[in-house]
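Residues in the sequence shown are numbered consecutively from 29, following this note's numbering.
Let me begin by presenting the structure, written as structure tokens, before commenting on it.
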Amino acid sequence: MADLITDAMVLKTQQWLNKTYEGKTGYGSRIPESGFTGWTTIYALTRALQIELGITSTANNFGPSTISKFNARFPNGIQQQSISDETESNIYAIIQGACWCKGYSTGAGDITKHFYSGTGSAINQLKTDAGCVDKSSTVTLNVMKALLSMDQFKKVNGGDTTIRQIQKKMNNKYEDYIGLIPCDGVYGRQMNKALIIALQKIEGYSKEDATGNFGAGTKSKLPIVPTLGQISEQTEKEAIELVRYALCCNGYSVDIESNAWTVNLNSTLGDFQKDMCIEVTGICDTNTWMALLLSKGNPDRDCNACDTVYNMRDDRLDALKSKSISVIGRYIVGGNLKETDNEELSRIMNKGFKFFPIYQVNGTPGIEQFTTAKAMENARIARIKAKSFRIPEDSIIYFAVDFDAVDTQIQDTIIPYFKTIKENIGCYRVGVYGTRNVCTQVMNKGYAVTCFVSDMSTGYSGNMGFKMPKNWNFDQYNEVMLSAASGNFGIDKVTYSGKYPVVENLTNDIGTRGHIGDISFVSTHTGDERPFAGNKMRVYVSATKLSENIPDDAKLLVRINPVASTRPLVIHSRELLANLDGKIYELDSPNYMNIGDGYSIQCEYRVVKEVEEEGEDETGSGLIITKKYILIPDAEVSVHIEFETEY
29 MADLITDAMV LKTQQWLNKT YEGKTGYGSR IPESGFTGWT TIYALTRALQ
79 IELGITSTAN NFGPSTISKF NARFPNGIQQ QSISDETESN IYAIIQGACW
129 CKGYSTGAGD ITKHFYSGTG SAINQLKTDA GCVDKSSTVT LNVMKALLSM
179 DQFKKVNGGD TTIRQIQKKM NNKYEDYIGL IPCDGVYGRQ MNKALIIALQ
229 KIEGYSKEDA TGNFGAGTKS KLPIVPTLGQ ISEQTEKEAI ELVRYALCCN
279 GYSVDIESNA WTVNLNSTLG DFQKDMCIEV TGICDTNTWM ALLLSKGNPD
329 RDCNACDTVY NMRDDRLDAL KSKSISVIGR YIVGGNLKET DNEELSRIMN
379 KGFKFFPIYQ VNGTPGIEQF TTAKAMENAR IARIKAKSFR IPEDSIIYFA
429 VDFDAVDTQI QDTIIPYFKT IKENIGCYRV GVYGTRNVCT QVMNKGYAVT
479 CFVSDMSTGY SGNMGFKMPK NWNFDQYNEV MLSAASGNFG IDKVTYSGKY
529 PVVENLTNDI GTRGHIGDIS FVSTHTGDER PFAGNKMRVY VSATKLSENI
579 PDDAKLLVRI NPVASTRPLV IHSRELLANL DGKIYELDSP NYMNIGDGYS
629 IQCEYRVVKE VEEEGEDETG SGLIITKKYI LIPDAEVSVH IEFETEY
């Protein structure tokens with residue numbers, strides 16, 4: 029690609045732009061003269077054209093005003109000059125520079141401000157690469173828009189030859205509706221929108237009404253194929269051709285040169301329907317069309333699973349059962365209003381439902397929440413929460429990326445986050461919730477075994493133009509309200525593929541294997557007695573000051589005491605010191621306590637300060653200095669404590 033290579037002609041374009049337009053109204057700041065094509069240079073070329081068209085309030089996009097001015101000045105496009113025409117024009121220079129930025133040679137060694145055969149040949153080659161019907165050198169509106177973009181018209185690294193052929197065919201047949209889409213071999217957002225616009229043209233929409241938004245009107249007019257004379261033969265052929273294109277874009281192999289309904293096409297469409305868990309009908313029906321072109325598919329289709337922020341009371345579970353929903357996604361972390369509890373999970377299981385756990389950072393997480401430090405904390409809390417809810421080992425916990433992360437964010441932040449999650453999740457397995465792009469990239473790295481796809485956000489850049497991840501387990505596609513005896517409640521409709529197991533039973537541990545708690549107190553506190561299950565118990569504590577009268581060197585002293593019962597006491601007390609700085613502290617070496625199933629633990633908390641005392645040694649021959657901790661009165665603190673055990 030041109031933007032990855034230093035190019036002398038791109039450098040000359042940048043230098044010419046700065047020399048010609050710097051200081052002119054609408055041009056903006058001087059652009060870098062680097063020899064690298066990028067959006068900065070493309071935007072400068074766009075503003076330069078707008079200035080030449082008489083626009084002073086310029087913008088970085090080729091908008092309605094630019095289109096109107098271009099069409100008014102060049103109703104038949106910008107024509108190649110005759111060899112005898114010596115007229116110079118900055119617009120010719122802009123075309124030359126844009127060709128160089130696209131990687132097309134104009135045969136000149138510098139900006140000439142002419143439009144002769146060299147530039148004409150570059151335009152001709154671009155049109156050929158784009159699949160245009162018209163192969164002349166005329167710069168039409170669509171060609172000008174293509175020049176002033178970062179779109180590529182040659183196959184790029186990672187591009188697919190068949191996808192590129194489809195892109196060229198789309199431009200050749202539907203340019204008057206879709207403009208010129210990239211021909212880089214990559215199925216993406218623009219191509220996805222172009223497929224919808226082409227469908228709308230087949231449905232009979234005008235150019236103005238074929239917007240690429242798949243609404244109720246588009247759905248109502250879908251050409252169901254094959255048919256028995258319900259649509260014209262020509263319309264059916266065009267629709268079948270589009271089905272073939274859409275199947276290829278979704279990762280299936282069919283002949284794109286045919287517009288006939290063949291046995292192979294029928295079989296391949298059936299495979300797609302099976303993979304998407306929609307009814308295998310032998311035709312491209314409403315569900316299939318929408319699954320081919322929209323990440324959420326048909327939002328009105330039935331679901332066999334759901335996720336919800338609502339606590340599942342008996343009446344709500346009855347409402348789900350009436351809808352044939354058998355699997356429920358609930359939050360083991362996600363904020364107090366979202367999180368499940370032990371009683372709810374027991375109800376879910378006792379009513380015959382299955383369950384899958386979701387971990388979501390409280391609130392609306394942005395990219396700043398996905399650091400490796402946060403990943404270590406999130407993995408630890410997920411482990412402990414799962415154990416506290418008696419979720420069996422080896423279950424999959426779905427960690428949410430609940431925003432439209434772009435490629436740079438995925439590569440630089442999300443993937444390292446999930447690497448750390450996997451390394452620290454312990455006895456559980458990692459699933460990822462997010463866009464198709466997020467899920468695919470995280471799973472391709474091996475940091476999640478499967479995924480929960482947030483497909484109902486059809487406009488997300490990570491969904492539109494991306495194939496469904498191959499080993500998806502859950503597909504979230506619509507938000508609806510249901511009614512129960514106690515009132516309405518909301519769910520997200522989800523399809524469960526059955527490719528990976530869900531939680532069908534909770535463990536029968538006689539004690540707790542995980543606990544997370546928050547307490548506030550003044551100076552001292554004695555915690556509840558808790559029976560634990562497992563052999564090794566780890567403790568994590570953090571504390572912060574709530575009152576101002578606490579000295580900087582104060583600490584929290586936690587004494588973890590085994591509680592005597594009918595069983596012989598074979599474990600010993602341990603102490604843990606934590607600074608009042610909000611950081612997590614653990615037991616010193618060894619960093620666990622040896623316990624056994626059913627033993628109870630009780631914690632004593634004291635806010636203390638270390639002091640030194642002088643005294644005689646045991647022989648009375650000299651003084652020794654000993655250290656001890658004294659209680660700080662009226663010291664109000666907040667403490668967060670976590671326990672987890674393992675066998």
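Note that CB positions come from ideal geometry on N, CA and C, so glycine has one too.
Simplified DSSP state of tyrosine 445, which is helix, strand or coil: Within the sequence shown, numbered from 1, the residue matching residue 445 stands at position 417. In the structure shown, tyrosine 445 sits in a helix (DSSP, three-state: H, G or I).
Residue range of the unbroken alpha helix (DSSP H) whose run includes threonine 314: Taking the first residue of the sequence shown as position 1, residue 314 is located at position 286. Unbroken alpha helix (DSSP H) run through threonine 314: 314-321.
Anticipated Cβ contact below 8 Å, asparagine 292 with valine 282, distance rounded: Your numbering for residue 292 matches position 264 in the sequence shown. Your numbering for residue 282 matches position 254 in the sequence shown. Their Cβ separation, rounded to whole angstroms, is 7 Å, which keeps asparagine 292 and valine 282 in contact under 8 Å.
Arginine 418 - DSSP class collapsed to helix/strand/coil: On the sequence shown, residue 418 is found 390 positions in, with the first residue counted as 1. Three-state DSSP puts arginine 418 in coil, outside helix and strand.
Proximal residues to alanine 513 (C-beta, below 7 Å), its chain only, five neighbours per side dropped: Your numbering for residue 513 matches position 485 in the sequence shown. Around alanine 513: Asp343.
Cα-Cα separation between threonine 140 and threonine 34, rounded to whole angstroms: Indexing the sequence shown from 1 puts residue 140 at position 112. Indexing the sequence shown from 1 puts residue 34 at position 6. Taking the straight line from one Cα to the other gives about 21 Å.
Enclosing beta strand (DSSP E) for aspartate 503 [first to last residue]: Stepping through the sequence shown from its first residue, residue 503 is reached at position 475. Looking at the DSSP string, the run of the beta strand (DSSP E) that includes aspartate 503 is 500-512.
Enclosing beta strand (DSSP E) for phenylalanine 300 [first to last residue]: Indexing the sequence shown from 1 puts residue 300 at position 272. Here phenylalanine 300 belongs to no beta strand (DSSP E); instead the alpha helix (DSSP H) covers 291-303.
Closest residue to glutamate 25 among Asn339, Ser117, Val635, Thr654 (Cα-Cα distance): Here the chain comprises residues numbered 29 to 675, so residue 25 is not present and cannot be evaluated.
Environment of valine 667 [buried if 16+ CB atoms lie within 10 Å]: By 1-based counting over the sequence shown, the position of residue 667 is 639. Valine 667 comes out buried.
Best match in Arg329, Lys173, Ile151, Ile106 for proximity to threonine 74 [C-alpha to C-alpha]: Here residue 74 corresponds to residue number 46 of the sequence shown, with the count starting at 1. Residue Lys173 is the option with its Cα nearest to threonine 74.
Three-state secondary structure (DSSP) of arginine 370: The residue labelled residue 370 in the question sits at position 342 within the sequence shown. Here residue 370 turns out to be asparagine, not arginine, going by the sequence shown. Here asparagine 370 sits in helix by DSSP.
Status (buried if at least 16 other CB within 10 Å, exposed otherwise) for methionine 318: Residue 318 sits at position 290 when you count from the first residue of the sequence shown. Label assigned to methionine 318: buried.
Asparagine 339 and glutamate 285 closer than 8 Å at C-beta: Here residue 339 refers to the residue found at position 311 of the sequence shown. Here residue 285 refers to the residue found at position 257 of the sequence shown. Against a cut-off of 8 Å, the Cβ pair of glutamate 285 and asparagine 339 comes out as no contact.
Of the residues Ser352, Gly325, Gln153, Arg341, the one placed nearest cysteine 334, counting alpha carbons only: For the purposes of this step, residue 334 is taken as the residue at position 306 of the sequence shown. Taking only the C-alpha atoms, the option nearest cysteine 334 is Ser352.
Contacts around arginine 566, its chain only, beta-carbon distance under 6 Å, and the 5 residues preceding and following it disregarded: Walking along the sequence shown from the start, residue 566 turns up at place 538. Answer for arginine 566: Tyr620, Glu672, listed in chain order.
Outcome for tyrosine 675 when other beta-carbon atoms lying within 10 angstroms are tallied against a minimum of 16: For the purposes of this step, residue 675 is taken as the residue at position 647 of the sequence shown. Looking at its Cβ environment, which holds fewer than 16 other Cβ atoms inside 10 Å, tyrosine 675 is exposed.
Inside the segment 340-366 only - alpha helix (DSSP H) runs reaching at least 4 residues: 342-350
Cβ-Cβ distance between isoleucine 453 and tyrosine 475 below 8 Å: On the sequence shown, residue 453 is found 425 positions in, with the first residue counted as 1. On the sequence shown, residue 475 is found 447 positions in, with the first residue counted as 1. If you check the CB distance, isoleucine 453 and tyrosine 475 do not come in under 8 Å.
Where arginine 101 falls, given that 16 or more other Cβ within 10 Å makes a residue buried: For the purposes of this step, residue 101 is taken as the residue at position 73 of the sequence shown. With fewer than 16 Cβ atoms within 10 Å of its Cβ, arginine 101 is classed as exposed.
Residue closest to lysine 155, alpha-carbon to alpha-carbon, out of Thr166, Tyr627, Gly146: Indexing the sequence shown from 1 puts residue 155 at position 127. Considering only alpha carbons, the answer is Thr166.
Cα-Cα separation between aspartate 299 and lysine 498, rounded to whole angstroms: Taking the sequence shown and counting its residues from 1, one reaches residue 299 at position 271. Taking the sequence shown and counting its residues from 1, one reaches residue 498 at position 470. Aspartate 299 and lysine 498: Cα-Cα distance of roughly 13 Å.
Three-state secondary structure assigned by DSSP to asparagine 589: Within the sequence shown, residue 589 is the residue found at index 561, counting from 1. Looking at asparagine 589 - three-state DSSP - the assignment turns out to be strand.
8 Å Cβ shell around leucine 534 - same chain, five flanking residues per side excluded: As a working note, residue 534 is residue 506 in the sequence shown. So the list reads Leu373, Ser374, Met377, Phe417, Arg418, Ile419, Pro420, once near-sequence residues are dropped.
Residue range of the beta strand (DSSP E) that includes methionine 565: On the sequence shown, residue 565 is found 537 positions in, with the first residue counted as 1. Unbroken beta strand (DSSP E) run through methionine 565: 564-573.
Length at least 4, wholly inside the segment 162-238: the alpha helix (DSSP H) runs in chain order: 169-175, 189-206, 217-230
Leucine 223 versus alanine 274 - alpha carbon distance: Against the sequence shown, residue 223 aligns to sequence position 195. Against the sequence shown, residue 274 aligns to sequence position 246. Going by the C-alpha atoms only, they are around 7 Å apart.
Length of the line joining the Cα atoms of tyrosine 426 and glutamate 396: Stepping through the sequence shown from its first residue, residue 426 is reached at position 398. Stepping through the sequence shown from its first residue, residue 396 is reached at position 368. Straight through space, the alpha carbons of glutamate 396 and tyrosine 426 are spaced by roughly 19 Å.
Identified DSSP bridge partners for alanine 22: Residue 22 falls outside the range modelled here, since the chain spans only 29 to 675, and no answer is possible.
Whole-Å CB distance - lysine 696 paired with leucine 605, under 8 Å assumed: Not covered by the structure: residue 696. The range shown for the chain is 29 to 675.
Proline 327 - containing alpha helix (DSSP H), residue span: Within the sequence shown, numbered from 1, the residue matching residue 327 stands at position 299. No alpha helix (DSSP H) holds proline 327; DSSP gives it neither H nor E.
Whole-number beta carbon distance between threonine 48 and isoleucine 59, since they are thought to touch under 8 Å: In the sequence shown, counting from the first residue as 1, residue 59 sits at position 31. In the sequence shown, counting from the first residue as 1, residue 48 sits at position 20. At roughly 12 Å, the Cβ-Cβ gap does not stay under 8 Å, so isoleucine 59 and threonine 48 are not in contact.
Three-pair Cβ contact test at 8 Å for the segment 520-534 versus the segment 545-554: no
Within 8 Å, strictly: CB atoms of glycine 135 and glycine 125: Along the sequence shown, one-based indexing puts residue 135 at 107. Along the sequence shown, one-based indexing puts residue 125 at 97. Cβ atoms of glycine 135 and glycine 125: not closer than 8 Å.
Straight-line Cα distance separating cysteine 467 from aspartate 430: Within the sequence shown, residue 430 is the residue found at index 402, counting from 1. Within the sequence shown, residue 467 is the residue found at index 439, counting from 1. Going from the Cα of aspartate 430 to the Cα of cysteine 467 covers about 11 Å.
Beta strand (DSSP E) segment containing tyrosine 657, residue limits: For this step, residue 657 is matched to residue 629 along the sequence shown. Segment 651-659, the beta strand (DSSP E) holding tyrosine 657.
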